[in-house]
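Here is the structure we will look at.
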Ligand SMILES: Nc1ncnc2c1ncn2[C@@H]1O[C@H](COP(=O)(O)OP(=O)(O)OP(=O)(O)O)[C@@H](O)[C@H]1O
Ligand SMILES: [Mg+2]
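Spelled out as structure tokens, the structure:
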């Protein structure tokens, strides 16, 4: 994926190779962790996987005979949740496109709230009235209501404290088990990704530099970027225990 950055009236801008020759096969219901430092191309790859960004070359295909139906969850739900809509409407919004009527949308929103363990009293609230963790549950609920084949969660925990973060990870893992949905979990925290993803891809400067079972990457990383990520994850864990 090539971007042209800083293009102006007189400047042609510089080109950025944000994702470079990445080849990846994702199994049905697989949970894949995608880790890498800031700017390594994780979000760009996630957007491409979701069909939200068309790659400058290359393609995405699915054995389902159509493009995979994908939903994305972002780091900061304040940005992705419409501040003028009630939580009930936000969760059920994907159903509007499917032509589901208002009453059924409301019922489905209530079921989904239970599934993502969101207090049903919050369905009439607006996003700013919720905590960060609650807002992330809303974003997850809106993603699963459309019954996607794949959810790409782009650093969904990085704005949450460690306890809430662990709850969100547990919720995503549970939905993957119950809802027949594959999951790409993007994180800069290798240990966190390895705690529930069987397979991990490590990105560095747009390239997938390592791809393999989580336990072998955490016990014997074979690339320098993976070693660095592991070291910073361990340092973060120590800080959390100390704090
Ligand atoms: N729309 C865009 N236009 C130009 N350059 C972009 C665009 N989006 C991303 N880039 C560049 O592509 C590279 C990869 O960015 P990307 O957002 O995919 O990284 P990331 O791994 O998600 O980083 P972070 O961990 O900080 O979220 C960076 O150099 C970034 O500046
Ligand atoms: Mg990103």
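Numbering (our numbering), first residue to last: 30 to 272.
Backbone N, C-alpha and C fix where the C-beta goes; we use that ideal spot for every residue, glycine too.
Next on the checklist: Helix, strand or coil, according to DSSP, for residue 191 in the structure here?
Outcome noted: Against the chain shown, residue 191 aligns to sequence position 162. Looking at residue 191 - three-state DSSP - the assignment turns out to be helix.
Residue 183 - containing beta strand (DSSP E), residue span: Taking the chain shown and counting its residues from 1, the one referred to as residue 183 is at position 154. That run of the beta strand (DSSP E) goes 179-183.
Hey, is the segment 53-66 in contact with the segment 221-238, meaning 3+ C-beta pairs nearer than 8 Å?
yes
What is the rounded straight-line gap between the Cα of residue 235 and the Cα of residue 45? Numbered from its first residue, the chain shown carries residue 235 at position 206. Numbered from its first residue, the chain shown carries residue 45 at position 16. Distance from the CA of residue 235 to the CA of residue 45, rounded to the nearest whole angstrom, comes to 9 Å.
message = Taking 7 Å as the cut-off, is the beta-carbon of residue 71 closer than that to any non-hydrogen atom of ligand 1?
response = Position 42 of the chain shown, counted from the first residue, corresponds to residue 71. Flag set: Cβ of residue 71 near ligand 1.
Original post:
Taking C-beta to C-beta, are residue 42 and residue 50 nearer than 8 Å?
Top reply: If you number the chain shown from 1, residue 42 lands on position 13. If you number the chain shown from 1, residue 50 lands on position 21. Not in contact: residue 42 and residue 50 (Cβ atoms no closer than 8 Å).
request  = Under the assumption that residue 98 contacts residue 182 (Cβ atoms under 8 Å), give the Cβ distance between them as a whole number of angstroms.
outcome  = Translated into positions along the chain shown, residue 98 becomes position 69. Translated into positions along the chain shown, residue 182 becomes position 153. Contact annotation, residue 98 with residue 182: C-beta distance approximately 15 Å; criterion of less than 8 Å not satisfied.
Fill in: alpha helix (DSSP H) runs wholly inside the segment 76-114, at least 4 long, in chain order
106-109
Next on the checklist: ligand 2 and residue 43: does any heavy atom of the ligand fall closer than 7 Å to the residue's C-beta?
Outcome noted: Within the chain shown, residue 43 is the residue found at index 14, counting from 1. Because no heavy atom of ligand 2 lies under 7 Å away, the Cβ of residue 43 does not count as near it: no.
Note to self: Suppose the cutoff is 6 Å on Cβ atoms and the five residues either side in sequence are ignored; what does the same chain contact list for residue 232 look like?
What the structure shows: In the chain shown, the residue the question calls residue 232 occupies position 203. Closer than 6 Å at Cβ, skipping near neighbours: 65, 69, 70 and 71.
Q: Determine contact between the segment 73-88 and the segment 177-191, defined as no fewer than three beta-carbon pairs at a distance below 8 Å.
A: Three or more Cβ pairs drawn from the segment 73-88 and the segment 177-191 lie within less than 8 Å of each other, which places the two stretches in contact.
task = Measure from the alpha carbon of residue 85 to the alpha carbon of each residue in 114, 48 and 262, then state which is nearest.
result = Start at 1 with the first residue of the chain shown, and residue 85 comes out as number 56. Checked all of 114, 48 and 262; the closest Cα to residue 85 is 48.
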